[in-house]
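S.K.:
Protein chains: 2
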Amino acid sequence: MGEFDLKRYLSERKLLVDTALEECFPVPAGLEKRLLEAVRYSLFAGGKRLRPILCMAACEVVGGDLKTVMPVACALEMIHTYSLIHDDLPAMDNDDYRRGKLTNHKVFGEATAILAGDALLTEAFDFIAKAGSNGKVSPDRVLRVVGLIVKAAGYRGMIAGQVIDLESETRSVDLATVEYMHIHKTGALLSASLEAGAILGGGSEEQVGSLQRYGHHLGLAFQITDDLLDVEGDVQLMGKTPGSDAARNKKTYPALLGVTGSREAAREHVEQALDALASFDDSAGPLRSVARYLLVRKA
Amino acid sequence: MGEFDLKRYLSERKLLVDTALEECFPVPAGLEKRLLEAVRYSLFAGGKRLRPILCMAACEVVGGDLKTVMPVACALEMIHTYSLIHDDLPAMDNDDYRRGKLTNHKVFGEATAILAGDALLTEAFDFIAKAGSNGKVSPDRVLRVVGLIVKAAGYRGMIAGQVIDLESETRSVDLATVEYMHIHKTGALLSASLEAGAILGGGSEEQVGSLQRYGHHLGLAFQITDDLLDVEGDVQLMGKTPGSDAARNKKTYPALLGVTGSREAAREHVEQALDALASFDDSAGPLRSVARYLLVRKA
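If you read the sequences in order, they're chains A and B.
Numbering-wise, the working numbering puts 354 at position 51 of the first sequence, and it's gapless, one number per residue.
Numbering-wise, the working numbering puts 444 at position 141 of the second sequence, and it's gapless, one number per residue.
#1: Opposite B/Arg311 in the DSSP bridges: which residues?
#2: Leaving out five residues before and five after A/Gln526 in sequence, what residues of the same chain have Cβ atoms less than 6 Å from its Cβ?
#3: With 16 other CB atoms within 10 Å as the buried threshold, where does B/Phe347 fall?
#4: Determine the burial state of A/Asp429: buried for a count of at least 16 other Cβ atoms within 10 Å of its Cβ, exposed for fewer.
#5: A/Met373 CB to nearest chain B CB: under 7 Å?
#6: Quick one: residues in its chain with C-beta nearer than 6 Å to the C-beta of A/Gly605, no 5 flanking neighbours on either side, listed in chain order?
#7: Residues of chain A with CB under 7 Å from B/Phe428, in chain order?
#8: Leaving out the 5 sequence neighbours to the left and right, which residues in its chain are closer than 7 Å to A/Leu369 when beta-carbon positions are compared?
#9: For A/Thr528 and chain C, any beta-carbon pair shorter than 7 Å?
#10: Closest to B/Thr415 by C-alpha separation, out of A/Glu567, A/Gly464, A/Asp529, A/Arg566, would be which residue?
#11: Measure the beta-carbon distance from B/Tyr517 to B/Leu497 and round it to whole angstroms, keeping in mind my assumption that it falls under 8 Å.
#12: For B/Thr528 versus B/Arg600, is the C-beta spacing smaller than 7 Å?
#13: Count the other C-beta atoms from every protein chain shown that fall within 10 angstroms of the C-beta of A/Ala372, then say buried if there are 16 or more, exposed otherwise.
#14: With 9 Å as the C-beta to C-beta threshold (strictly closer), list the residues of the stretch 363 to 394 of chain A near chain B in chain order.
#15: Starting from the beta carbon of A/Pro442, find every residue of chain B whose beta carbon is closer than 8 Å, and list them in chain order.
#16: Closer than 8 Å by C-beta to A/Pro442: which residues in its own chain qualify, once you throw out the five before and the five after it? Chain order, please.
#17: Answer yes or no: do B/Asp421 and A/Ile417 have a C-beta to C-beta separation smaller than 7 Å?
#18: Does any C-beta atom of chain B lie closer than 7 Å to the C-beta of A/Asp421?
#19: Hey, is A/Tyr458's beta-carbon within less than 7 Å of any beta-carbon in chain B?
#20: Check for me: the alpha helix (DSSP H) holding A/Leu560 runs from which residue to which?
#21: Grouping DSSP H, G and I as helix and E and B as strand, with all else coil, what is B/Lys336?
#22: Which partner residues does A/Lys601 have in the DSSP bridge list?
#23: Take the Cβ of B/Met304 as the centre, count every other Cβ of all protein chains shown within 10 Å, and call the residue buried at 16 or more, exposed below.
#24: Can you list the alpha helix (DSSP H) stretches of 4 or more residues lying completely in the stretch 444 to 531 of chain B, in chain order?
#25: So what does B/Lys404 bridge to, in DSSP terms?
#26: Could you give the residue range of the alpha helix (DSSP H) that holds B/Met395?
#27: Which of the three DSSP states is assigned to A/Met304 in this structure?
#28: Can you have a look at B/Arg474 and say buried or exposed, based on whether 16 or more other CB atoms are within 10 angstroms of its CB?
#29: Between B/Val445 and B/Ala499, is the Cβ-Cβ spacing less than 7 Å?
#30: Determine the direct distance from the alpha carbon of A/Pro329 to that of A/Val311, and round the result to whole angstroms.
#31: How far does the alpha helix (DSSP H) with A/Ser592 in it extend, from its first residue to its last?
#32: Within 7 Å (strictly less), CB to CB, does B/Met304 reach chain A?
#33: Below 8 Å, how does it come out for the stretch 389 to 405 of chain B and the stretch 308 to 322 of chain B: are there three or more Cβ pairs, yes or no?
#34: What does the alpha-carbon distance come out to for the pair A/Pro557 and A/Tyr483?
#35: With a threshold of 7 Å between beta-carbons, can A/Leu493 be considered close to chain B, or not?
#36: Is there a C-beta anywhere in chain B that falls below 7 Å from the one on A/Glu413?
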């Protein structure tokens, strides 16, 4: 077997996700034209589609059919996109740019940006429900997926992370709080993406648990390397200015552990992510490759 | 049979809903304390619980068990509450008071208010999914309810209504647009509440359709009488200042049809709502009584 071409895999998968997302919202028209333009603006603003890709990979690794998870893969990207739109709002992180493009409220205004986020979050649950309509997955499994995605996206997950993130700008926080924040803000939805893929793909409880654990460590490694890039990264590759986290008093891993300590922590989480995949065969190649990539990422 | 005591019925049902909602969110503690305080502040700010009560009534009228719909009844109130929190934001309607109390963002700040709304919307879908976990309703029916509630709450329903509402403050709109706005902004979720109750209660397609039609006309009658109260109402009973709609250039029914024309329109919609219930027996008494009440409401 030749070396796995991760770059090609990710770009092929991204294309599958983009194509599926294209069909999720109608072409803007009528009285809601501007709202749908705002929804599509952020949905197609150059996201890497990491959550859908992980969801698809988890489905395949347990022997499931990709078609089964596509609606949920789309839903995960909608939820991720809604969270970015709301996080960027003036009352929140007050960001003018994301991935080198103006943020949603800078283009469409705050009211439309809030509603576009609300629309993406709402519609996501229709797509999850749709996963039960092709007759390949039992509705029971779909309802379980609704529950775990709510837990990951709501006040027990992503929203809790954002609450802590906002508070941490104004007060001193320790490593445990930073970790708690990342596990909730980023890790929860990443883990849920893998869990959902495994459940819909028909995985055993053990397999679902292993993939959830992989997601947990991948999420932390992802965040630590993200913080490292903010210290060391190239503005051209990243689409944001290095040092911007420090300038806003965001508590990052390098600030708490130093650059060397952060690199070490990232390496440990990648190893634990790989350990979690130990029981899977070569079909877990893409997931292993994604984890290893975090240690050499440049953007 | 004595005359049906609507006031007593509504207050008993409100108590059932309040008790069920009490258990939906944990007592605020930990790092998310403030967020959960904000969620509970608006969830228990004196709402009439109309959507849950209609959902429960629709379930009973088709012979279903109240326990079956309680999680969905709670979810409908969460979605309604999220929409009020976001609508009140400075970027939207910029309201300082609702039902005589400070709005969420005036107490907790904009960031927390946005996240509290997001949390309520997200969590609502967990409660809907839970309706499938007691073994009394088939998961297929629950997934259908997810789909119809998304349609009513999202960009094809409530959010579309809010978009038009915001736009109508700055431009001239006709009666058809005002009607379109209300059908989406208020009517869609009211109808969905009745539809969901009928589906979960095991109603036939014909019964589901009848209750949906009742909800459509009830929603319009409700909105027209709401507009009439803004012209004629008593500030003490209403908790908001009469004339406030006109002052903000909101296009109301009295502004478009006159007071007499609006009263006539409300009466017609109440009659059509009652017509939609023609095939039901006395068990539809509460729903008939709610519709008739709109013609004499003082708040």
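Note that the Cβ used here is the ideal one computed from N, Cα and C, for glycine as well.
M.R.: From the atom records:
#1: Residue mapping note: residue 311 of chain B aligns to position 8 of the second sequence, counting from 1. DSSP output for B/Arg311 lists no bridge partner at all.
#2: Taking the first sequence and counting its residues from 1, one reaches residue 526 of chain A at position 223. For A/Gln526, where only same-chain residues beyond five positions count, the Cβ hits under 6 Å are His485, Thr489.
#3: Taking the second sequence and counting its residues from 1, one reaches residue 347 of chain B at position 44. Looking at its Cβ environment, which holds fewer than 16 other Cβ atoms inside 10 Å, B/Phe347 is exposed.
#4: For the purposes of this step, residue 429 of chain A is taken as the residue at position 126 of the first sequence. By the neighbour-count rule (16 or more Cβ atoms within 10 Å), A/Asp429 is buried.
#5: Residue mapping note: residue 373 of chain A aligns to position 70 of the first sequence, counting from 1. So, not an interface residue.
#6: Nothing can be reported for residue 605 of chain A: it is not among the residues displayed for chain A, which extend from 304 to 602.
#7: In the second sequence, counting from the first residue as 1, residue 428 of chain B sits at position 125. Those within 7 Å of B/Phe428 in chain A are Phe428, Val449, Val453.
#8: To locate residue 369 of chain A, count along the first sequence from 1; it is residue 66. Excluding residues within five positions, the ones whose Cβ falls inside 7 Å are Met359, Cys362, Glu363.
#9: Here chain C cannot be found, since the structure's protein chains are A and B.
#10: For the purposes of this step, residue 415 of chain B is identified with residue 112 of the second sequence, where counting begins at 1. Answer by Cα proximity: A/Gly464.
#11: In the second sequence, counting from the first residue as 1, residue 517 of chain B sits at position 214. In the second sequence, counting from the first residue as 1, residue 497 of chain B sits at position 194. Their Cβ separation, rounded to whole angstroms, is 6 Å, which keeps B/Tyr517 and B/Leu497 in contact under 8 Å.
#12: The residue given as residue 528 of chain B occupies position 225 in the second sequence. The residue given as residue 600 of chain B occupies position 297 in the second sequence. It is a contact, given that the beta carbons lie within the stated cut-off.
#13: As a first step, residue 372 of chain A is located in the first sequence; it is residue number 69 there, counting from the start. Per the sequence presented here, residue 372 of chain A reads as Val, with Ala not at that position. Looking at its Cβ environment, which holds 16 or more other Cβ atoms inside 10 Å, A/Val372 is buried.
#14: Ile382, Tyr385, Ser386, His389, Leu392, Pro393, Ala394
#15: What you label residue 442 of chain A is simply residue 139 of the first sequence in a count that begins at 1. Neighbours of A/Pro442 on chain B, chain order: Gly435, Ser441, Pro442, Asp443, Val445, Leu446.
#16: Mapped onto the first sequence, residue 442 of chain A falls at position 139. Closer than 8 Å at Cβ, skipping near neighbours: Gly435.
#17: Along the second sequence, one-based indexing puts residue 421 of chain B at 118. Along the first sequence, one-based indexing puts residue 417 of chain A at 114. Not a contact, by the Cβ cut-off of 7 Å.
#18: Start at 1 with the first residue of the first sequence, and residue 421 of chain A comes out as number 118. By this cut-off, A/Asp421 is an interface position.
#19: The residue given as residue 458 of chain A occupies position 155 in the first sequence. Closer than 7 Å: yes.
#20: Stepping through the first sequence from its first residue, residue 560 of chain A is reached at position 257. 556 to 579 is the span of the alpha helix (DSSP H), which, as asked, contains A/Leu560.
#21: Taking the second sequence and counting its residues from 1, one reaches residue 336 of chain B at position 33. Three-state DSSP puts B/Lys336 in a helix.
#22: Indexing the first sequence from 1 puts residue 601 of chain A at position 298. DSSP, once it has assigned bridges, lists no residue as partnering A/Lys601.
#23: Counting from one through the second sequence, the residue named residue 304 of chain B turns up at place 1. Because B/Met304 sits at a pLDDT of 49, beneath the cut-off of 50, its placement in the model cannot be relied upon, and the following sentence gives the value as read from the coordinates. B/Met304 should be labelled exposed.
#24: 461 to 471, 478 to 485, 491 to 503
#25: Residue 404 of chain B sits at position 101 when you count from the first residue of the second sequence. B/Arg401, per the DSSP bridge assignment.
#26: Residue mapping note: residue 395 of chain B aligns to position 92 of the second sequence, counting from 1. Careful: B/Met395 lies outside any alpha helix (DSSP H) and carries neither H nor E.
#27: On the first sequence, residue 304 of chain A is found 1 positions in, with the first residue counted as 1. Model confidence at A/Met304 stands at a pLDDT of 49, short of 50, so the residue's coordinates are unreliable; what they give is reported in the following sentence. If DSSP states are grouped into helix, strand and coil, A/Met304 belongs with coil.
#28: Translated into the one-based positions of the second sequence, residue 474 of chain B becomes position 171. Exposed, since its Cβ has fewer than 16 Cβ neighbours within 10 Å.
#29: Here residue 445 of chain B is taken as the residue at index 142 of the second sequence, counted from 1. Here residue 499 of chain B is taken as the residue at index 196 of the second sequence, counted from 1. No, the Cβ-Cβ distance between B/Val445 and B/Ala499 is not below 7 Å.
#30: Position 8 of the first sequence, counting from 1, holds the residue named residue 311 of chain A. Position 26 of the first sequence, counting from 1, holds the residue named residue 329 of chain A. In the sequence on display, residue 311 of chain A carries Arg and not Val. Rounded to the nearest angstrom, the two C-alpha atoms are 29 Å apart.
#31: Counting from one through the first sequence, the residue named residue 592 of chain A turns up at place 289. That run of the alpha helix (DSSP H) goes 588 to 596.
#32: For this step, residue 304 of chain B is matched to residue 1 along the second sequence. At B/Met304 the pLDDT is 49, less than 50, meaning the model places this residue with poor confidence; the figure from the coordinates comes in the next sentence. For B/Met304, the answer is no, since every Cβ of chain A falls outside 7 Å of its Cβ.
#33: no
#34: Here residue 557 of chain A is taken as the residue at index 254 of the first sequence, counted from 1. Here residue 483 of chain A is taken as the residue at index 180 of the first sequence, counted from 1. About 16 Å.
#35: Against the first sequence, residue 493 of chain A aligns to sequence position 190. Cβ-Cβ to chain B under 7 Å: no for A/Leu493.
#36: The residue given as residue 413 of chain A occupies position 110 in the first sequence. Yes, its Cβ sits closer than 7 Å to a Cβ of chain B.
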